[in-house]
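Quick notes on the structure that follows.
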Amino acid sequence: MNPSPFYPDIERSPVEEIRKFQETKLQQQLLYLKEKSKFYSDHFLRNRIDIRRIKSIDDLVHIPPTTKEDLQQRNDEFICVPKHSIIDYITTSGTLGDPVTFAMTDKDLDRLAYNEAISFTCADGSATDIYQLMTTIDRRFMAGLAYFMGIRRMGAGVVRVGNGIPEFQWDTIGRIHPTAIIAVPSFILKIIEYAEAHHIDYRSSSIRKAICIGEPLRNMDFSLNTLGRKILEKWPLRLYSTYASTEMGTSFTECGEGIGGHHHPELIIVEFLDDLDRPVKEDECGEVTITTLGVEGMPLLRFKTGDVCFRYPDPCKCGRTTTRLGPVIGRKNQMIKYKGTTLYPPSLYDILDNIDFISNYVVEVFTNEIGTDEVLIHVGSKIPVSGKEKDIKDHFRAKLRVAPLIRFETDENIQRMQFPEVNRKPVKFIDNRDKSKIN
Numbered sequence: 000m001n002p003s004p005f006y007p008d009i010e011r012s013p014v015e016e017i018r019k020f021q022e023t024k025l026q027q028q029l030l031y032l033k034e035k036s037k038f039y040s041d042h043f044l045r046n047r048i049d050i051r052r053i054k055s056i057d058d059l060v061h062i063p064p065t066t067k068e069d070l071q072q073r074n075d076e077f078i079c080v081p082k083h084s085i086i087d088y089i090t091t092s093g094t095l096g097d098p099v100t101f102a103m104t105d106k107d108l109d110r111l112a113y114n115e116a117i118s119f120t121c122a123d124g125s126a127t128d129i130y131q132l133m134t135t136i137d138r139r140f141m142a143g144l145a146y147f148m149g150i151r152r153m154g155a156g157v158v159r160v161g162n163g164i165p166e167f168q169w170d171t172i173g174r175i176h177p178t179a180i181i182a183v184p185s186f187i188l189k190i191i192e193y194a195e196a197h198h199i200d201y202r203s204s205s206i207r208k209a210i211c212i213g214e215p216l217r218n219m220d221f222s223l224n225t226l227g228r229k230i231l232e233k234w235p236l237r238l239y240s241t242y243a244s245t246e247m248g249t250s251f252t253e254c255g256e257g258i259g260g261h262h263h264p265e266l267i268i269v270e271f272l273d274d275l276d277r278p279v280k281e282d283e284c285g286e287v288t289i290t291t292l293g294v295e296g297m298p299l300l301r302f303k304t305g306d307v308c309f310r311y312p313d314p315c316k317c318g319r320t321t322t323r324l325g326p327v328i329g330r331k332n333q334m335i336k337y338k339g340t341t342l343y344p345p346s347l348y349d350i351l352d353n354i355d356f357i358s359n360y361v362v363e364v365f366t367n368e369i370g371t372d373e374v375l376i377h378v379g380s381k382i383p384v385s386g387k388e389k390d391i392k393d394h395f396r397a398k399l400r401v402a403p404l405i406r407f408e409t410d411e412n413i414q415r416m417q418f419p420e421v422n423r424k425p426v427k428f429i430d431n432r433d434k435s436k437i438n
């Protein structure tokens, strides 16, 4: 990889040097939180935490984690700056509950731009690229704004098309000739489908790579999952997965090796915790738990994201020595106990994406009359559905040993379920369980 101002030295430094760097930053962050954050000053007092005794990353285990419920219930108490210092207000998507408002200062927006610039560079981007942004930049959404600012910081070109409208996407590609797209993977299949129906030679277009957001592209062994394979079979792009959240203000983005999202240690400390909030062993999956570094408006300490992943600490061929994050196995709050089997939604999606006659779907989980989890899949089909329920259930039994309930619906009904007006992201999972009964 060529030297770049957005390929930081710290990301290719010896592991021990990275650790010392982070521990210095951690000391600064703890002092800032104690002085500026109403929530964390109370948190330290309530739990009898003497921050002077937190010298290393290992010492973080003495501080109880921060949860999504903390953010929802005490949102304003996390803000560390006066109101006149807030430049931008952002809200989370509310995937696992009520949305949370995040206050961003000018410094935080600079940090966000830097994160995306180094992330796009990690994904083999450069100032010579033109990115077509197929995600919203408005509606209080962090990601679209972050992408735009990061591309600008990197010196590359950007076309702000927004989400949806395949016809407009192809018109823009034909007019401006971007080299890369930023999109939800399932939407890439939609624009391929549109191109085929309208005789657009998409394989000969200017697009050479796709930064994929919001949906997984890879299996646990880093091979492409069904969604990723379907895209590549149709359109031989270079595909790059990303993992991020509003709470982190940071991305884990793949390099060209495609073996996990790279950690940016100058921006975030990451831990992997078990159900008792203890660090897992290196070869075990755990809940991704983050401490932001350098955030001014709403910094977070040991925030549990709800996402379960493996980590990969060995150096990458790209030259980075930082930890890599594997594909998200699932969200802890979305874990399903179904007929004695533990499932996460991605394992259901992969089966559904592999059945050719299914055009779209939504997975619904609810509590049945005996108080256990029931799985109902709303399916839209490209062909008559007679006899197809058994085919779908056979696919599930072959892969997971259990078969969910199937309900066939019109494509229009499922589209309405997938894209409710209040949501910024497509909905593939609806959790209607009695929350008091979720393990």
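First residue of the sequence shown: 0, per numbering that gives the first Met the number 0; consecutive thereafter. Cβ coordinates follow ideal geometry from the N, Cα and C atoms, glycine included. Since this is a predicted model, take the numbers as computed values, not measurements.
Starting from the Cα of residue i, find the closest Cα among the options and give me that residue.
i, options, result
"Glu286", "Thr304, Gly296, Pro344", "Thr304"
"Pro63", "Tyr337, Asp274, Leu347", "Asp274"
"Glu232", "Gly156, Ala142, Glu192, Arg301", "Glu192"
"Gly173", "Val158, Phe186, Ala182, Gly379", "Val158"
"Pro278", "Arg319, Thr252, Asp57", "Asp57"
"Ser205", "Asp128, Arg415, Gln71", "Asp128"
"Arg323", "Arg406, Asp107, Lys336, Phe309", "Phe309"
"Asp107", "Leu404, Arg45, Ala145, Ser240", "Ala145"
"Asp352", "Leu375, His394, Pro312", "His394"
"Glu22", "Ala122, Ile267, Arg73, Tyr39", "Ile267"
"Met153", "Tyr239, Arg301, Ala112", "Ala112"
"Leu25", "Tyr6, Ile50, Phe38", "Ile50"
"Thr241", "Ile230, Leu188, Cys121, Pro314", "Cys121"
"Val361", "Lys316, Val327, Val426", "Val426"
"Asp355", "Arg45, Ser250, Leu226", "Leu226"
"Glu281", "Tyr311, Tyr348, Ile258", "Tyr311"
"Leu32", "Glu76, Tyr6, Pro4", "Glu76"
Report buried or exposed for residue i, applying the criterion of at least 16 other Cβ atoms within 10 angstroms of its Cβ.
i, result
"Arg386", "Residue identity check: residue 386 is Gly in the sequence provided, not Arg. That one is exposed."
"Tyr130", "buried"
"Asp372", "buried"
"Thr409", "exposed"
"Tyr88", "exposed"
"Asn438", "At Asn438, the pLDDT of 46 sits below 50, so the modelled position is not reliable; the number obtained from the coordinates is stated separately. Exposed: under 16 other Cβ atoms inside 10 Å."
"Lys381", "exposed"
"His262", "buried"
"Gln439", "Past the boundaries of the shown model lies residue 439; the chain is included only from 0 to 438, so the question cannot be answered."
"Glu10", "buried"
"Gly339", "exposed"
"Ser222", "exposed"
"Gly318", "exposed"
"Ile369", "exposed"
"Pro13", "exposed"
"Glu265", "buried"
"Ile441", "One cannot answer for residue 441 here, as it falls past the ends of the chain, which runs 0 to 438."
"Ser203", "exposed"
"Arg400", "exposed"
"Pro42", "According to the sequence displayed, residue 42 carries His and not Pro. Buried, by the Cβ-count rule."
"Glu246", "buried"
"Gln417", "buried"
"Glu34", "exposed"
"Ser55", "exposed"
"Val307", "buried"
Just to confirm the assignment, what range does the beta strand (DSSP E) spanning residue i have?
i, result
"Tyr337", "335 to 337"
"Thr241", "237 to 244"
"Gly156", "156 to 159"
"Gly149", "No beta strand (DSSP E) contains Gly149, which is instead part of the alpha helix (DSSP H) from 141 to 153."
"Asp406", "With the sequence shown as reference, residue 406 is identified as Arg, and Asp is not the correct amino acid for it. 404 to 407 is the span of the beta strand (DSSP E), which, as asked, contains Arg406."
"Leu226", "Leu226 -> not in any beta strand (DSSP E); alpha helix (DSSP H) instead, spanning 225 to 233."
"Ser380", "372 to 380"
"Asp137", "No beta strand (DSSP E) holds Asp137; DSSP gives it neither H nor E."
"Phe428", "428 to 431"
So the alpha helix (DSSP H) residue i belongs to, where does it begin and stop?
i, result
"Asp105", "105 to 121"
"Phe395", "387 to 399"
"Lys208", "It is not in any alpha helix (DSSP H) - Lys208 instead sits in the beta strand (DSSP E) that spans 208 to 211."
"Phe186", "184 to 196"
"Asp170", "165 to 175"
"Tyr348", "344 to 352"
"Glu363", "Segment 357 to 366 is the beta strand (DSSP E) holding Glu363; no alpha helix (DSSP H) there."
"Glu411", "410 to 417"
Under the assumption that residue i contacts residue j (Cβ atoms under 8 Å), give the Cβ distance between them as a whole number of angstroms.
i, j, result
"Cys211", "Pro235", "Rounded, the Cβ-Cβ distance is 15 Å, inconsistent with contact."
"Cys79", "Gly296", "6 Å"
"Ala209", "Ala182", "6 Å"
"Thr252", "Ser118", "4 Å"
"Pro403", "Ile376", "5 Å"
"Gly379", "Ile413", "4 Å"
"Glu115", "Met141", "Going by Cβ atoms, the distance from Glu115 to Met141 rounds to 11 Å, so no, they are not a contact pair."
"Gln28", "Pro383", "About 59 Å; that fails the 8 Å criterion."
### Within the segment 15 to 103, ranges of the beta strand (DSSP E) (whole runs, at least 3 residues)
85 to 90
### Query
Which runs of the beta strand (DSSP E) fall wholly inside the segment 250 to 331 and span at least 3 residues, in chain order?
267 to 272, 285 to 291, 302 to 308
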